[in-house]
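Chains as they are written, first to last, in this note's numbering: chain G, 1 to 113; chain L, 1001 to 1110. Positions of the beta carbon are idealized from the N, C-alpha and C atoms, including for glycine.
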Amino acid sequence: QQQVKQSPQSLIVQKGGISIINCAYENTAFDYFPWYQQFPGKGPALLIAIRPDVSEKKEGRFTISFNKSAKQFSLHIMDSQPGDSATYFCAASDMNRDDKIIFGKGTRLHILP
Amino acid sequence: KAGVTQTPRYLIKTRGQQVTLSCSPISGHRSVSWYQQTPGQGLQFLFEYFSETQRNKGNFPGRFSGRQFSNSRSEMNVSTLELGDSALYLCASSEGWRQFFGPGTRLTVL
Chain G
1 QQQVKQSPQS LIVQKGGISI INCAYENTAF DYFPWYQQFP GKGPALLIAI
51 RPDVSEKKEG RFTISFNKSA KQFSLHIMDS QPGDSATYFC AASDMNRDDK
101 IIFGKGTRLH ILP
Chain L
1001 KAGVTQTPRY LIKTRGQQVT LSCSPISGHR SVSWYQQTPG QGLQFLFEYF
1051 SETQRNKGNF PGRFSGRQFS NSRSEMNVST LELGDSALYL CASSEGWRQF
1101 FGPGTRLTVL
């Protein structure tokens, strides 16, 4: 019940295309859903996050879509660029309990130039 | 503010040895979490410290331990190293919901 399942494991997208990464969770107590971006040799960096009171959050080319009833959320990268090539992690946490953040296994995204 | 710093950045040890990794959180952050990252297992939570107390713990053997000092700096220790402990060890400090990661310590066990 603590798992966060992320798919796909790897993704190749043409420059200018839309990259979509999906995550699903079981624990209905989760109320904070961040996405992290990690470049080789670096630690993950918080990209964008959403709470379940909204169905969508957009920051620049990055959008999180959230479906509370399906217990799913996804990251959309519009107009994908080669510089977006990185590993992306979704995560979830129950902030009311100061509980640990549960991470998905990651998606390795490669944007073709 | 300076980011999360971790030392050392790279470390090579042999089986059976022990190792201590250090993490300095962002100034003002009281929560420090540790993660092990490997290609096969992804990011696995080790433990979290808040105001010098362990607040959460992952599913790792007792060989993995940590502590936090009054200035919020944290250390993690791995005793009796095994080959499978080779990984990137990441430290993250938190301000509310936002978690900030350091660059990690790459540990290689030979």
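### Task
For G:Leu-47, go through chain L and note every residue whose CB falls closer than 7 angstroms to its CB, in chain order.
Position 47 of the first sequence, counted from the start, is the residue given in the question as residue 47 of chain G. The premise fails here: G:Leu-47 is roughly 11 angstroms from chain L at the closest Cβ pair, so nothing lies under 7 angstroms.
### Query
Hey, how far is the Cα of L:Gly-1096 from the Cα of G:Gly-41?
Translated into positions along the second sequence, residue 1096 of chain L becomes position 96. Translated into positions along the first sequence, residue 41 of chain G becomes position 41. If you draw a straight line from the Cα of L:Gly-1096 to the Cα of G:Gly-41, it comes to about 26 angstroms.
### Query
Three or more beta-carbon pairs under 8 angstroms between the segment 1040 to 1047 of chain L and the segment 1057 to 1074 of chain L, yes or no?
The segment 1040 to 1047 of chain L is in contact with the segment 1057 to 1074 of chain L.
### Supposed contact pair G:His-110 and G:Ile-18 - C-beta distance, whole angstroms, cut 8 angstroms
As a working note, residue 18 of chain G is residue 18 in the first sequence. As a working note, residue 110 of chain G is residue 110 in the first sequence. Not really, about 14 angstroms apart at Cβ, beyond 8 angstroms.
### Query
Given 8 angstroms as the limit, is there contact between the segment 1087 to 1102 of chain L and the segment 28 to 48 of chain G, that is, 3 or more CB pairs closer than that?
yes
#### Entry: Neighbour list for L:Phe-1064 in chain G, Cβ cutoff strictly below 7 angstroms
Counting from 1 along the second sequence, the entry for residue 1064 of chain L is found at position 64. Correct list: empty, because the minimum Cβ distance to chain G is about 15 angstroms.
### Task
Write down the C-beta distance between G:Phe-62 and G:Ile-50 rounded to the nearest angstrom, noting that I regard them as a contact closer than 8 angstroms.
Counted from its first residue, the first sequence places residue 62 of chain G at position 62. Counted from its first residue, the first sequence places residue 50 of chain G at position 50. About 11 angstroms; that fails the 8 angstroms criterion.
### Query
Quick one: Cα of L:Lys-1057 to Cα of G:Pro-113, how far?
Residue 1057 of chain L sits at position 57 when you count from the first residue of the second sequence. Residue 113 of chain G sits at position 113 when you count from the first residue of the first sequence. Rounded to the nearest angstrom, the two C-alpha atoms are 42 angstroms apart.
### Query
So which residues on chain G does L:Gly-1104 lean against when the C-beta distance must stay under 9 angstroms?
On the second sequence, position 104 is the one that residue 1104 of chain L refers to. The answer, in chain order, is Gly-41, Lys-42, Gly-43.
### Query
Is it the case that the Cβ atoms of G:Phe-89 and G:Gln-6 are separated by a distance below 9 angstroms?
Walking along the first sequence from the start, residue 89 of chain G turns up at place 89. Walking along the first sequence from the start, residue 6 of chain G turns up at place 6. Yes; because the gap between Cβ atoms is below 9 angstroms, this pair is in contact.
### CB contact below 9 angstroms: L:Val-1078 versus chain C
This model lacks chain C altogether, as its protein chains are G and L.
### Query
Given a limit of 9 angstroms on CB to CB distance, which residues of the segment 100 to 112 of chain G reach chain L?
Lys-100, Ile-101, Ile-102, Phe-103, Gly-104, Lys-105, Gly-106
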